[in-house]
Amino acid sequence: MKLLHLKITDPKGFRSLQAGFEYQFRSDWDLQEEQGFAPFVCAGPNGSGKSNLLEVLAAIFYHLECMYLENLPDSFRNDEETNPRGFRSEKAIPDGFEIEYLIHPQDALKTKGHNGQAQLRVTKKPGEAPKWFLLNHEEQEGAVELTIGQTLARQLLPDYILAYSSGENEILSLPFFKMRFVQFDEYWQALAQQLPYPGRPESRMVYLDSGFSQAILLCILLFRDEDSLEQLRKDVGIEALKEFRIIVKRTIEIRAEHVLDFQQSGMPAFESIYEVVDDHPALEVVDDETSLEAKFKVNLVKLLEADEKSASKFDPVITRLKRCATCWFDDEATDTLYLDYFVNDATKQAFRENFDFEVNCSPIALFHALQVLLTLNLYSASSSLKRDLYQSDSLYVSETVPTLASDERIIRFKDFWLKKKGVAKPVLLKSFSDGEHQLLHTLGLCLLFKHTNSLFLLDEPETHFNPDWRANFATHLHQSFAGAGDQEMLVTTHTPFLISDSRPEKVLVFDKTDDVVSVSRPDYNTLGASINKITMATFGKRETIGARAQAILEGMRQRFEQGEDKEKLVTEIERDLGDSVEKALLIKTILDATESQG
Numbered sequence: 000m001k002l003l004h005l006k007i008t009d010p011k012g013f014r015s016l017q018a019g020f021e022y023q024f025r026s027d028w029d030l031q032e033e034q035g036f037a038p039f040v041c042a043g044p045n046g047s048g049k050s051n052l053l054e055v056l057a058a059i060f061y062h063l064e065c066m067y068l069e070n071l072p073d074s075f076r077n078d079e080e081t082n083p084r085g086f087r088s089e090k091a092i093p094d095g096f097e098i099e100y101l102i103h104p105q106d107a108l109k110t111k112g113h114n115g116q117a118q119l120r121v122t123k124k125p126g127e128a129p130k131w132f133l134l135n136h137e138e139q140e141g142a143v144e145l146t147i148g149q150t151l152a153r154q155l156l157p158d159y160i161l162a163y164s165s166g167e168n169e170i171l172s173l174p175f176f177k178m179r180f181v182q183f184d185e186y187w188q189a190l191a192q193q194l195p196y197p198g199r200p201e202s203r204m205v206y207l208d209s210g211f212s213q214a215i216l217l218c219i220l221l222f223r224d225e226d227s228l229e230q231l232r233k234d235v236g237i238e239a240l241k242e243f244r245i246i247v248k249r250t251i252e253i254r255a256e257h258v259l260d261f262q263q264s265g266m267p268a269f270e271s272i273y274e275v276v277d278d279h280p281a282l283e284v285v286d287d288e289t290s291l292e293a294k295f296k297v298n299l300v301k302l303l304e305a306d307e308k309s310a311s312k313f314d315p316v317i318t319r320l321k322r323c324a325t326c327w328f329d330d331e332a333t334d335t336l337y338l339d340y341f342v343n344d345a346t347k348q349a350f351r352e353n354f355d356f357e358v359n360c361s362p363i364a365l366f367h368a369l370q371v372l373l374t375l376n377l378y379s380a381s382s383s384l385k386r387d388l389y390q391s392d393s394l395y396v397s398e399t400v401p402t403l404a405s406d407e408r409i410i411r412f413k414d415f416w417l418k419k420k421g422v423a424k425p426v427l428l429k430s431f432s433d434g435e436h437q438l439l440h441t442l443g444l445c446l447l448f449k450h451t452n453s454l455f456l457l458d459e460p461e462t463h464f465n466p467d468w469r470a471n472f473a474t475h476l477h478q479s480f481a482g483a484g485d486q487e488m489l490v491t492t493h494t495p496f497l498i499s500d501s502r503p504e505k506v507l508v509f510d511k512t513d514d515v516v517s518v519s520r521p522d523y524n525t526l527g528a529s530i531n532k533i534t535m536a537t538f539g540k541r542e543t544i545g546a547r548a549q550a551i552l553e554g555m556r557q558r559f560e561q562g563e564d565k566e567k568l569v570t571e572i573e574r575d576l577g578d579s580v581e582k583a584l585l586i587k588t589i590l591d592a593t594e595s596q597g
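Residues 0 to 597 in numbering that gives the first Met the number 0 are what the sequence shown lists, from first letter to last.
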């Protein structure tokens, strides 16, 4: 996809972005000149609104995605009697917007120009449902309104909305966090009603946090694409994945009221709770003579693992993971499955065959399998908590969800051992530095979804990088998407390196004056510009040295102006301060004064 234009028409604006905020990402000329992948780089001071641009895009596409999902929980949908604050197409945050972009639909729309891409505009007025318009209809001029159903909507929306933030950006993560619970409830409903489950969530929003980072890295390292992995070897020193363990906890205890979720449609309403348990293959009564109350448990992964009877016609996620394992063990006492993998060529081939690596040209099917299992770790959230979460726009909503102990999670990764360059013995992934983790996160996300038509939203992804990695980050992004060109990426940054590797039309400079956020392009050629030039022109900082060093230098300047011995002062400056433009200029000023008096 390619973003063209965004405007916020909600009278309340969105966060720091005021009503009327707009930006033209590409002109017709830009589209003609554009070649290959290049991210939009958003720069500006803290609080200037650059992260809010990523957040509003995430919020808009979250709303559009929710409109066309088939599987939505009752606690999410609007119902005038039972859930009046539930989701409605007519109500969004922001409640008014216009967004325009290009995208390749799978089924041909009658379009002209743009190499077969549909030029779309989605307009939402406050209190009304969004409307879709095709702007390059082959037979009609102007904006042609489209009637959008679920099938067409999934083609006209990005394949995925993908986000990462190094700074725990709660606003950016909020729609993704809500969507994870939608994905959990989708699976829970299929399990409770014994419905078919496709093995992946219907919704397509993915937020990369610590829980998902191991899954993404695992997918990349098992996918034998040597060219793509070369950059991980060069910078992080990863030479090979040696072994890892996946632990799957099958059953959890549930309260009696949750058992009623499993009552099948068509069964009598007065059916006893024990009859519900007897009728459902995923439920059991817990044999506990010490408890006065009846206890029940559910096999939460029942739809993801085949038993002996169904194995011939049912090939779900856990069954395939077992086939790829070097060995596995069932702990019957805790109903926990331990899958151990000693990684060699045979292991990688098993994953390729069982998770369609070659069909998809990527390990994305394996990621979906792990994504479903990771989503099940949300099981401890109560129905009332989820209802509140769906309706909340609080930045603290994630803190209300209970954090599970390690042995209470449905899936966890352990013993993730990697061979690292220059280290004799394998090292644990957990021992890597913050910068190494951050590089693995961002590049892993790009490599995994490189063949999809997706929108990437990266909020300060290079915060923990050393200067060399920051200088090479844009190169890594371009290498990650080599041979693919249907992605859109926005990256926020506080450093000049990404700007120096970008053309001016790809750089968005944010400014906030009198509570009004504006975005402009640099008025100089950023590609190849020096770090000093960018620091002064874009970030408004004229000094090239730190504030403390600048204060020391100013003190020496004052001593010179007060008549202190010039030769001794120059010697002290040379001895105490490193080389810089500011130092050189002060010494030149002192020497010029000496000559003029000489």
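Positions of the beta carbon are idealized from the N, C-alpha and C atoms, including for glycine.
Treat the numbers as computed from the prediction; the structure is a model and nothing was measured.
- A check of alpha carbon separations from His136 across Gly115, Ile147, Val422 identifies Gly115 as the nearest.
- Under the three-state reduction of DSSP output, Lys241 falls in the strand class.
- The C-beta of Pro10 has fewer than 16 other C-beta atoms within 10 Å across all chains shown, which makes the residue exposed.
- Counting of Cβ neighbours within 10 angstroms places Gln437 among the buried residues, the total reaching 16 or more.
- The way I'd put it, the segment 33-47 does touch the segment 534-549; three or more beta-carbon pairs between them come closer than 8 Å.
- The DSSP-derived three-state label of Thr110 is strand.
- Thr122 carries a strand assignment under DSSP once its states are collapsed to helix, strand and coil.
- Excluding five sequence positions before and after Thr451, the CB atoms of its chain that fall closer than 6 Å to its own CB belong to Asp158, Tyr159, given in chain order.
- In the structure shown, the three-state DSSP call for Leu299 is coil.
- Membership of Arg322 in the alpha helix (DSSP H) is indicated by the continuous run 316-323.
- Burial of Asn376 is indicated by the presence of at least 16 other C-beta atoms within 10 angstroms of its C-beta.
- The three-state reading of DSSP puts Asn82 in strand, counting E and B together.
- The beta carbons of Ala117 and Ile102 sit about 6 Å from each other, so the pair counts as a contact at 8 Å.
- For the pair of segments examined, the segment 229-239 was found to touch the segment 425-440: the number of CB pairs separated by less than 8 Å reaches three.
- If the five residues before and after Gln17 are omitted, its C-beta is found closer than 8 Å to the C-beta atoms of Ile7, Asp514, Val515, Val516, all from its own chain and listed in chain order.
- Within 10 angstroms of the beta-carbon of Leu585 lie 16 or more other beta-carbons, which makes it buried.
- The shortest CA-to-CA distance from Met178 to any of Tyr389, Ser499, Ile533 is the one to Tyr389.
- Inter-residue distance for Gln182 and Tyr395 is about 21 Å (C-alpha atoms, whole angstroms).
- Remark: C-beta atoms of Thr325 and Glu283 do not approach each other more closely than 9 Å.
- Taking 9 Å as the cut-off, the Cβ atoms of Tyr163 and Leu457 count as close.
- Burial is judged here by how many other beta carbons sit within 10 angstroms of a residue's own beta carbon; Leu259 has fewer than 16 and is exposed.
- In the three-state scheme derived from DSSP, where H, G and I count as helix and E and B as strand, Asp29 is classed as helix.
- Rounded to whole angstroms, the Cβ separation of Ser47 and Asp522 is 17 Å, and the two are not in contact under 8 Å.
- A check of alpha carbon separations from Ser88 across Phe60, Asp208, Gln263 identifies Phe60 as the nearest.
- Under the three-state reduction of DSSP, Ala189 is assigned to helix.
- Around the CB of Pro200, 16 or more other CB atoms lie within 10 Å, so the residue is classed as buried.
- Per the coordinates, the alpha-carbon of Gly35 lies some 8 Å from the alpha-carbon of Ala483.
- Taking the CA atoms as reference points, Leu133 sits about 45 Å from Ala349.
- Taking C-alpha positions only, Ser529 is separated from Ala57 by approximately 33 Å.
- According to the DSSP assignment, Asp414 belongs to the beta strand (DSSP E) that extends over 410-419.
- Taking the C-beta atoms as reference points, Ser50 is found nearer than 9 Å to Leu171.
- Our two residues, Pro195 and Glu80, have alpha carbons roughly 30 Å apart in a direct line.
- Close CB contacts of His493 within its chain, under the 6 Å cut and outside five residues either way in sequence, are absent.
- Between Glu185 and Pro280, the gap from beta carbon to beta carbon reaches 9 Å or more.
- According to the DSSP secondary-structure assignment, Asp510 is paired through a beta bridge with Ser517.
- Looking only at Glu69, Ala191, Ile219, the smallest Cα-Cα distance to Gly148 is reached by Glu69.
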